[in-house]
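K.L.:
Here it is: the structure, laid out below.
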Amino acid sequence: MKHFLSVKDVPDLSALVKEALAQKQNPFGNKHLGQNKTLGLLFFNASLRTRLSTQKAAQNLGMEVMVMNVTQDSWGLEMQEGAVMNGDKAEHVKEGAAVIGQYCDIIGVRSFAGLTDKEKDCQDEVISQFVKYAGVPIVSLESALRHPLQSLTDVITIEEYKTKPRPKVVLTWAPHPKALPQAVPNSFSEWMNVANVDFIITHPEGYELDTEFTGKARITYNQKEAFEGADFIYAKNWSSYQQYGQIVSKDPAWTVNAEKMKLTNKAKFMHCLPVRRNVVVMDEVLDSPESIVIPQAGNRVWAAQAVLKEILTSLPGK
Amino acid sequence: MKHFLSVKDVPDLSALVKEALAQKQNPFGNKHLGQNKTLGLLFFNASLRTRLSTQKAAQNLGMEVMVMNVTQDSWGLEMQEGAVMNGDKAEHVKEGAAVIGQYCDIIGVRSFAGLTDKEKDCQDEVISQFVKYAGVPIVSLESALRHPLQSLTDVITIEEYKTKPRPKVVLTWAPHPKALPQAVPNSFSEWMNVANVDFIITHPEGYELDTEFTGKARITYNQKEAFEGADFIYAKNWSSYQQYGQIVSKDPAWTVNAEKMKLTNKAKFMHCLPVRRNVVVMDEVLDSPESIVIPQAGNRVWAAQAVLKEILTSLPGK
Amino acid sequence: MKHFLSVKDVPDLSALVKEALAQKQNPFGNKHLGQNKTLGLLFFNASLRTRLSTQKAAQNLGMEVMVMNVTQDSWGLEMQEGAVMNGDKAEHVKEGAAVIGQYCDIIGVRSFAGLTDKEKDCQDEVISQFVKYAGVPIVSLESALRHPLQSLTDVITIEEYKTKPRPKVVLTWAPHPKALPQAVPNSFSEWMNVANVDFIITHPEGYELDTEFTGKARITYNQKEAFEGADFIYAKNWSSYQQYGQIVSKDPAWTVNAEKMKLTNKAKFMHCLPVRRNVVVMDEVLDSPESIVIPQAGNRVWAAQAVLKEILTSLPGK
């Protein structure tokens, strides 16, 4: 594995999931692999799970980790080719990425969608520039378009909790007070389309995701119909892709509650977290035995560890 | 030891002090204990001594350490049970704490009193919620009510510097330009009441601490009387507990100076730091040979190391 | 080596450069040296290269590293002797430095010139106070006056790329939208004066540096004349030293471009980074094969590693 940016970087998803579950059984068995290797984690945005789980995964593999909150620890990065840098950005990503690549064997980058400039977000500028200029493998810690470590985690978690070979998995939109990026649902859709599941998406009209990610997935505006017989309910808010970055509904009828969960096949409830309680989903669901959001978050370590292990074993000289 | 939140978590204070002094003699002798164990340090407030000394202690024990400034690195945490999370808090502590507990074997938490809502501060909400939801041992790095790592340090330091079996220890209030929490004097009182010392508290009227912490301690409004024959002077400012969080006096007559120190039995001067020079205490005292504030701060490492060692040896599977 | 603050702390520059190049060949050969030793890195200002390269260097030597953004993680530090600390500074550097010295075997400090108070900047207050009070070796990560790890890096890089025993090295001022400190050009001048190079400085009138640093170096206001036959062009902006901290010219005629580079002896282009593209230097130069700014930045690791190794081997008990 060279970079880890999307499901396209995974030649064999089922093998990667097995690897992650093997790491979970034996977290410190590959501690020699990361010896004298350094992982840089660059955050252009806040992070809790990703920050801690990726750091933990790297340390389990014996790596050193250097964490940087880019904008508060360092300088603003100019992304524009050919820019006359007379403004507030002190360094161009051409130098920034290449320099960090001098100090790190692998770089993780988090940079969210700005949600104001659709075209710019769709180019996934920051992570793409790091891939172009850093000269070392890049791991997405959530980009404008995707959150692949989360999606791999989700596949692993479904694999652990499924009670039939091909479970029904529902991605449901839910209300939220703020406009959120589409990265998680985009990415989840992309990975579900590769995984061996019966995948369906439900959301209000106007919340259609980019078909580049949803592909062949079934889509319905009828949340209850989607929930019927489901084995996994995956809730997530996102802002509109058509009316880019806008909140076109906050309809509380879309909040996941116990009544809706009764329509399912005793479905497990999943969410990438952080989650707004009693807005996205009611306490009664989150606090029920069907909620697996905490072990799901715990699996972030094994997803990251499987990915880092793959990249470490592909490094030149290994 | 399960958690470390107050002196009540210490079954045998004298044994813990001995352990700390043994760690000081042989800092790296237990490096195997923390192998493959991770300490998470969460700061809701600024920190210098606690941050560095606890990190150092954990590294001396062979642990990995992950440090997070919660509000600037991550998301605001909702503490209220049943909250409809439509505001500025993105994550509930139920998830936040439980998720961090998935990545860390021990979690240290610092969260100061807000000093505006007495009842809320008295519930020591943040640390209590972490104890409730994290699922792993919690170490207080100073909560709304207590600063037990500081107090253990103080007991260790008094043990090192005392010249008689039962020294006279004076906790004296001193003026300060800002309203400060009562955590340090609360905690110091609680620990002194368990330690083998003759303990007396002096402060202006209106600065009475909660009797839950001061217990059987003698209290006087006459600072000079308190200083007479003292072996240790421990200075600290705090805001009023009765007129909660208010500054009811800035009387410079309470500043510790050389003249007052002459009333003592060549007392050692202690302070938890940071200290406002020439407000809380004059340069002439801080710069005198009787000031032991720097070795006192140095002892923070051994206090933390003794506590972490105790918890590490109590972890399931150990 | 006790401290590393300027070229004066280096008894044999040529030996230190050899040591750095030896570390580059064998980065992990001295991992035992830093065993159980802790490096504290304190940033009063933003940092990318210095932060990551020094951390990496210390880890290569087996050290633990604790990084702190002083003002955002901790308390404001009072620097003034005898201050009555009734204002916004919670801790005096006397305590701050001494306490950090209790937790760290070596401390790195970055604190830029404020550019408003010439006298204060010239006293290099922050780093001087740490030297005075920390009680352990101090490494400058750029002070008000100097950036010695950068300058050592520059000497190493010139050593690697030079094609004649005594190359011609040009330090050229270049325009910039913001007022910048003189630390880098000061320090570069000081080190070039010791290194075996033919050194010349060029800048517009009004940008004369303090002769304490430029010493015997030739200075010309004619940039083109300076460039003629040069082997290395080192570009850098700085604000005026005479009209302290002022921008007295933004003349774009001083921007380094391909045409000027043609006057040189196929000179290598160097810059300490971050660099303002198309303001300090044109893309055509930075993106040309003659630009060595990235490997130059990479050499920051080996400069730091050589310095830390020297200090580690001089620590008491070694």
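Protein chains in written order, with the UniProt record's numbering: chain H, 1 to 318; chain G, 1 to 318; chain D, 1 to 318. Every residue gets a Cβ at the ideal spot worked out from N, C-alpha and C, and that includes glycine.
#1: Along chain D, which residues have their Cβ under 7 angstroms away from the Cβ of G/Gly-298?
#2: Kindly list, in the order they appear in chain G, the residues whose Cβ is closer than 9 angstroms to that of H/Val-275.
#3: Compute the Euclidean distance between the alpha carbons of H/Ala-217 and H/Val-7, then round it to the nearest angstrom.
#4: Which residues in the same chain as H/Leu-21 place their Cβ atom closer than 8 angstroms to its Cβ, once the five residues preceding and following it in sequence are excluded?
#5: Taking only the alpha-carbon atoms, compute the straight-line gap between D/Ser-74 and G/Ala-46 and give it to the nearest angstrom.
#6: Buried or exposed for G/Asp-287, please, with buried defined as at least 16 other CB atoms from any protein chain shown within 10 angstroms of its CB.
#7: Can you check whether the C-beta of D/Asn-30 is within less than 8 angstroms of a C-beta belonging to chain G?
#8: Thinking C-alpha only, which one of H/Leu-48, H/Gln-59 and H/Pro-11 is nearest H/Leu-308?
#9: What residues in its chain sit with their C-beta under 6 angstroms from that of H/Ser-249, if we drop five residues either side in the sequence?
#10: Quick one: list the residues of chain G neighbouring D/Glu-64, beta-carbon separation under 7 angstroms, in chain order.
#11: Taking the alpha-carbon positions, what's the D/Val-197 to D/Leu-152 distance?
#12: Got a sec: is the Cβ-Cβ distance from H/Gln-55 to anything in chain D below 8 angstroms?
#13: Could you name the residues of the same chain whose beta carbon sits closer than 6 angstroms to that of G/Arg-49, not counting the 5 residues immediately before and after it, in chain order?
#14: Residue 325 of chain H and H/Thr-255 look like a contact to me (Cβ under 8 angstroms); what is the Cβ gap, rounded to whole Å?
#15: Taking H/Ser-74 as the query, report the chain D residues whose CB atoms sit under 7 angstroms from its CB, ordered along the chain.
#16: In the DSSP output, what is residue 319 of chain D paired with across the bridge?
#17: In angstroms, rounded to a whole number, what distance separates the CA positions of H/Lys-2 and H/Ser-314?
#18: In angstroms, rounded to a whole number, what distance separates the CA positions of G/Met-192 and G/Phe-199?
#19: Using only the alpha-carbon positions, how far apart do D/Lys-132 and D/Met-85 sit?
#20: Can you grab the Cα-Cα spacing for the pair D/Glu-208 / D/Val-184, in whole Å?
#21: Along the chain, which unbroken stretches of the alpha helix (DSSP H) at least 4 residues long are found entirely within the stretch 106 to 146 of chain D?
#22: Taking C-beta pairs closer than 8 angstroms, name the residues in chain H that G/Val-136 reaches, listed in chain order.
#23: Since G/Gly-40 meets chain H, which of its residues come closer than 8 angstroms, beta carbon to beta carbon?
#24: Taking D/Glu-64 as part of the alpha helix (DSSP H), name the residues at either end of that continuous run.
#25: Would you please state the rounded distance, in angstroms, between the beta carbons of G/Asp-231 and G/Ala-267? I believe it to be under 8 angstroms.
#26: Roughly how many angstroms separate the alpha carbons of G/Lys-94 and G/Glu-225, rounded to a whole number?
#27: Roughly how far, in whole angstroms, is the beta-carbon of D/Leu-16 from the beta-carbon of H/Gly-40, given that I think they are within contact range, below 8 angstroms?
#28: What is the DSSP secondary structure of D/Met-79, reduced to helix, strand or coil?
#29: So the candidates are D/Ile-201, D/Arg-276, D/Trp-238 and D/Tyr-234; which of them puts its Cα closest to the Cα of D/Thr-220?
#30: How would you call H/Asp-251, buried or exposed, if buried means at least 16 neighbouring beta carbons within 10 angstroms?
#31: In chain A, what lies closer than 8 angstroms to H/Asn-69 by C-beta?
#32: Where does residue 335 of chain G land, buried or exposed, given buried means 16+ other C-beta within 10 angstroms?
#33: By the criterion of Cβ-Cβ separation under 8 angstroms, what are the contact partners of H/Asn-257 in chain G?
#34: What residues from the stretch 278 to 304 of chain D come within 7 angstroms of chain H, judged by C-beta to C-beta, listed N to C?
#35: So, does the CB of G/Pro-177 fall closer than 8 angstroms to a CB anywhere in chain D?
#36: What number of angstroms, rounded off, separates the C-alpha of G/Met-282 from the C-alpha of G/Asn-257?
P.N.:
Looking at the coordinates:
#1: The residue given as residue 298 of chain G occupies position 298 in the second sequence. By Cβ distance, chain D contributes Gln-102.
#2: As a first step, residue 275 of chain H must be located in the first sequence, where it is residue number 275. Within chain G, the residues near H/Val-275 are Met-85, Ala-90, Glu-91, His-92 and Glu-95.
#3: Sequence index remark: in the first sequence, residue 217 of chain H carries index 217 (1-based). Sequence index remark: in the first sequence, residue 7 of chain H carries index 7 (1-based). H/Ala-217 and H/Val-7: Cα-Cα distance of roughly 16 angstroms.
#4: Position 21 of the first sequence, counted from the start, is the residue given in the question as residue 21 of chain H. Within the same chain, H/Leu-21 has close Cβ partners Ile-156, Glu-159, Glu-160 and Trp-302.
#5: Your numbering for residue 74 of chain D matches position 74 in the third sequence. Your numbering for residue 46 of chain G matches position 46 in the second sequence. A straight line joining the alpha-carbon of D/Ser-74 with that of G/Ala-46 spans about 5 angstroms.
#6: Along the second sequence, one-based indexing puts residue 287 of chain G at 287. Exposed, because fewer than 16 other Cβ atoms sit within 10 Å of the Cβ of G/Asp-287.
#7: Counting from 1 along the third sequence, the entry for residue 30 of chain D is found at position 30. Using beta-carbon distances, D/Asn-30 does not count as an interface residue toward chain G, since no partner is under 8 angstroms.
#8: Your numbering for residue 308 of chain H matches position 308 in the first sequence. Minimum Cα distance to H/Leu-308 is reached at H/Gln-59.
#9: Along the first sequence, one-based indexing puts residue 249 of chain H at 249. For H/Ser-249, where only same-chain residues beyond five positions count, the Cβ hits under 6 angstroms are Pro-204.
#10: Position 64 of the third sequence, counted from the start, is the residue given in the question as residue 64 of chain D. Gln-59, listed in chain order.
#11: Within the third sequence, the letter at position 197 stands for residue 197 of chain D. Within the third sequence, the letter at position 152 stands for residue 152 of chain D. Spanning the two alpha carbons is a distance of roughly 14 angstroms.
#12: The residue labelled residue 55 of chain H in the question sits at position 55 within the first sequence. Not a single CB atom of chain D sits nearer than 8 angstroms to the CB of H/Gln-55.
#13: Counting from 1 along the second sequence, the entry for residue 49 of chain G is found at position 49. Sequence-distant Cβ neighbours of G/Arg-49 in its own chain, meaning closer than 6 angstroms and more than five residues away, are Ala-297 and Arg-300.
#14: This structure gives no information on residue 325 of chain H, because the portion of chain H shown stretches from 1 to 318.
#15: In the first sequence, counting from the first residue as 1, residue 74 of chain H sits at position 74. Those within 7 angstroms of H/Ser-74 in chain D are Ala-46, Ser-47 and Leu-48.
#16: The requested residue 319 of chain D does not occur in the structure, where chain D is confined to residues 1 to 318.
#17: For the purposes of this step, residue 2 of chain H is taken as residue 2 along the first sequence, with counting starting at 1. For the purposes of this step, residue 314 of chain H is taken as residue 314 along the first sequence, with counting starting at 1. In a straight line, the C-alpha of H/Lys-2 is about 7 angstroms away from that of H/Ser-314.
#18: Position 192 of the second sequence, counted from the start, is the residue given in the question as residue 192 of chain G. Position 199 of the second sequence, counted from the start, is the residue given in the question as residue 199 of chain G. Taking the straight line joining both Cα atoms gives about 7 angstroms.
#19: Position 132 of the third sequence, counting from 1, holds the residue named residue 132 of chain D. Position 85 of the third sequence, counting from 1, holds the residue named residue 85 of chain D. One C-alpha to the other measures close to 20 angstroms.
#20: As a first step, residue 208 of chain D is located in the third sequence; it is residue number 208 there, counting from the start. As a first step, residue 184 of chain D is located in the third sequence; it is residue number 184 there, counting from the start. Approximately 14 angstroms, taken between the alpha carbons.
#21: 118 to 122 and 125 to 133
#22: Locating residue 136 of chain G in the second sequence gives position 136, where the first residue counts as 1. For a Cβ distance threshold of 8 angstroms, nothing in chain H lies close to G/Val-136: the least Cβ distance comes to about 12 angstroms.
#23: Along the second sequence, one-based indexing puts residue 40 of chain G at 40. Leu-52, listed in chain order.
#24: For the purposes of this step, residue 64 of chain D is taken as the residue at position 64 of the third sequence. Looking at the DSSP string, D/Glu-64 is not in any alpha helix (DSSP H); the run it does join, the beta strand (DSSP E), is 64 to 69.
#25: By 1-based counting over the second sequence, the position of residue 231 of chain G is 231. By 1-based counting over the second sequence, the position of residue 267 of chain G is 267. Correct: roughly 6 angstroms between the Cβ atoms.
#26: The residue you call residue 94 of chain G lines up with position 94 of the second sequence. The residue you call residue 225 of chain G lines up with position 225 of the second sequence. Approximately 49 angstroms, taken between the alpha carbons.
#27: For this step, residue 16 of chain D is matched to residue 16 along the third sequence. For this step, residue 40 of chain H is matched to residue 40 along the first sequence. With a Cβ gap of about 27 angstroms, D/Leu-16 and H/Gly-40 do not count as contacting.
#28: On the third sequence, position 79 is the one that residue 79 of chain D refers to. It is coil, neither helix nor strand.
#29: As a working mapping, residue 220 of chain D is identified with position 220 in the third sequence. Of the listed residues, the one whose Cα sits closest to D/Thr-220 is D/Ile-201.
#30: Here residue 251 of chain H refers to the residue found at position 251 of the first sequence. Flag for H/Asp-251 reads exposed.
#31: No chain A appears in this structure, whose protein chains are H, G and D.
#32: Not covered by the structure: residue 335 of chain G. The range shown for chain G is 1 to 318.
#33: Locating residue 257 of chain H in the first sequence gives position 257, where the first residue counts as 1. Here the premise fails: no neighbours, minimum Cβ distance about 13 angstroms.
#34: Asn-278, Val-279, Asp-283, Val-293, Ile-294, Ala-297, Gly-298 and Val-301
#35: Your numbering for residue 177 of chain G matches position 177 in the second sequence. G/Pro-177 counts as touching chain D.
#36: Sequence index remark: in the second sequence, residue 282 of chain G carries index 282 (1-based). Sequence index remark: in the second sequence, residue 257 of chain G carries index 257 (1-based). Approximately 5 angstroms between the Cα atoms of the pair.
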